[in-house]
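End of the sequence shown sits at 370 in the numbering used here; the numbers just go up one at a time, nothing left out.
What follows is one structure encoded as structure tokens, with my remarks underneath.
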Amino acid sequence: MKIVRIVLRHMSMTLKSPFTTSFGTTTEKEFLLIEAYDEDGRVGYGESTAMVSPFYNEETMKTNHHLLRDFLIPLTLRHTFAHPDDCIELYGHIRKNMMAKAALEGAIWDLYAKRMGSPLAQALGGDKTKIAVGVSIGIQDNIADMLKQVEQYLSAGYQRMKVKVKPGFDVDVIAAIRKEFGAIPLMADANSAYTLDDAHLLKRLDEYGLMMIEQPLASDDIIDHAQLQAQLQTPICLDESIHTVEDARKALDLGSCRIINIKVGRVGGLSHAKAIHDLCQARQVPVWCGGMLESGIGRAHNVAITTLPGFTLPGDTSGSNRYWHEDIIEPEVTVENGFIHVPTQAGIGYQVNQKRLDACTVSSETYR
Ligand code: OSB
Ligand code: MG
């Protein structure tokens with residue numbers, strides 16, 4: 003497979019409501035989208051999950067643009083692909099910049115699956131026909147607003163609630179949710195807002211029976227997390243700290259976590275995500291698919307990877323209507339009784355809504 007043309011779009015989509023984490027608020031979602039064309043004019047789509055500011059990780063939309071334009075796209079246009087896994091070696095000598103690599107690799111996977119006439123899920127080795135999904139709820143102005151959000155998403159059928167927490171918006175929020183909604187599947191995500199000095203506070207969460215607490219400590223840490231996990235009953239799930247299969251192995255060896263959130267962007271693409279999945283499955287460590295407020299295109303890739311058997315916990319891949327008034331794919335991603343039905347068409351399995359795609363495009367560049 004030769005890729006003869008690559009289109010890079012700068013996209014902008016307004017979220018239905020702002021999304022707040024311990025590191026900041028997103029109102030307007032700007033991101034890069036990739037179209038990779040083969041000799042026959044078939045196209046594969048990929049999405050970069052790098053945000054405008056380097057607050058979740060060090061990548062930004064502009065660093066991704068630089069890496070794609072000056073390194074990754076030229077390498078890709080020169081290469082003849084036997085398989086999308088080629089990207090592991092092709093991009094392997096470029097350090098980090100995982101989200102930039104994943105964006106292009108995702109487009110190559112979609113194109114490859116379309117050429118094979120196979121749904122992306124199947125091309126990846128997935129077997130589920132529907133996937134269980136939850137929702138991630140941002141930090142709210144007050145506890146009453148959080149309870150309203152939880153109620154709304156429970157009635158929409160989501161199978162587990164994840165709530166963002168930060169110092170000053172944590173134990174009381176969890177206690178109030180438990181009081182109001184009882185034993186629902188519930189977890190918290192701190193996005194690195196605490197330190198080991200907060201262990202006494204985090205231990206107070208144990209009495210609320212959370213499924214897990216996600217990334218309580220520093221984004222580059224696996225040592226303190228191991229210390230914390232030894233003191234907590236609540237399982238720790240790592241997000242920000244895991245970039246590679248080696249990171250995952252070391253974290254599991256150290257006891258830094260008992261669950262891993264696999265984000266395709268954060269780990270450099272679908273092939274790497276699958277490798278982390280395989281390691282965790284061999285060690286009987288549950289994984290689930292995280293999200294980065296993706297458009298329908300990144301969302302479709304998340305649906306596909308979640309069909310692998312080791313994704314045993316509901317992920318953050320919510321329906322399109324949780325984020326957007328109108329998505330850029332048709333049909334949109336929908337959630338029925340807490341499940342997303344996996345599309346059966348070739349590739350990502352959703353059509354791009356060209357009119358909506360163009361309307362959300364700020365600028366585009368073509369490389370050949
Ligand atoms: O930590 O999982 C996270 C969104 C942006 C950055 C980081 C995170 C998130 C989410 C939202 O939790 C998940 C989603 O709904 O896409
Ligand atoms: Mg997280």
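Just so it is clear, CB atoms sit at the ideal spot from N, CA and C, and this is done for glycine as well.
In this text, all values refer to a predicted model and were calculated from it rather than measured experimentally.
Buried or exposed (CB count within 10 angstroms, at least 16 for buried), residue i
{"i": "V167", "result": "buried"}
{"i": "Q231", "result": "buried"}
{"i": "V6", "result": "exposed"}
{"i": "G312", "result": "buried"}
{"i": "R11", "result": "buried"}
{"i": "N48", "result": "This sequence places Gly at residue 48; Asn is not what is there. Flag for G48 reads buried."}
{"i": "S372", "result": "Residue numbering for the chain in the displayed model covers 3 to 370; residue 372 lies beyond these limits and cannot be assessed."}
{"i": "V364", "result": "exposed"}
{"i": "S366", "result": "exposed"}
{"i": "N339", "result": "exposed"}
{"i": "P76", "result": "exposed"}
{"i": "R372", "result": "No answer is possible for residue 372: it lies beyond the span of the chain, which begins at 3 and ends at 370."}
{"i": "T16", "result": "exposed"}
{"i": "H327", "result": "exposed"}
{"i": "D42", "result": "exposed"}
{"i": "H85", "result": "exposed"}
{"i": "E296", "result": "buried"}
{"i": "L203", "result": "exposed"}
{"i": "E182", "result": "exposed"}
{"i": "R285", "result": "exposed"}
{"i": "K31", "result": "buried"}
Test: residue i CB closer than 7 Å to a CB of chain B
{"i": "H245", "result": "Of the protein chains in the structure, only one exists, and it is not chain B."}
DSSP beta-bridge partners of residue i
{"i": "W290", "result": "N263"}
{"i": "F171", "result": "K168"}
{"i": "Y39", "result": "R7, V45"}
{"i": "S138", "result": "K164"}
{"i": "D191", "result": "K166, E216"}
{"i": "S366", "result": "R11"}
{"i": "I331", "result": "V354"}
{"i": "F73", "result": "Answer is none; F73 lacks a bridge partner."}
Check whether residue i and residue j have beta carbons under 7 Å apart
{"i": "C239", "j": "E216", "result": "yes"}
{"i": "E60", "j": "M101", "result": "no"}
{"i": "G267", "j": "A104", "result": "yes"}
{"i": "P316", "j": "R117", "result": "no"}
{"i": "M213", "j": "P187", "result": "yes"}
{"i": "N193", "j": "F21", "result": "no"}
{"i": "T319", "j": "C291", "result": "yes"}
{"i": "H279", "j": "K132", "result": "no"}
{"i": "L198", "j": "I224", "result": "no"}
{"i": "N99", "j": "L69", "result": "yes"}
Opening and closing residue of the beta strand (DSSP E) in which residue i lies
{"i": "Y58", "result": "No beta strand (DSSP E) holds Y58; DSSP gives it neither H nor E."}
{"i": "L240", "result": "238–240"}
First through last residue of the alpha helix (DSSP H) which encompasses residue i
{"i": "E91", "result": "88–92"}
{"i": "H343", "result": "First-last for H343: 341–343, but that is the beta strand (DSSP E), not the alpha helix (DSSP H)."}
{"i": "W326", "result": "Taken as a continuous stretch (DSSP letters only), W326 belongs to no alpha helix (DSSP H), as it is neither H nor E."}
{"i": "H227", "result": "225–233"}
{"i": "V247", "result": "247–256"}
{"i": "A84", "result": "Note, A84: premise wrong, no alpha helix (DSSP H); not H, not E."}
{"i": "S273", "result": "272–284"}
{"i": "E209", "result": "Careful: E209 lies outside any alpha helix (DSSP H) and carries neither H nor E."}
{"i": "G108", "result": "100–118"}
{"i": "E153", "result": "145–157"}
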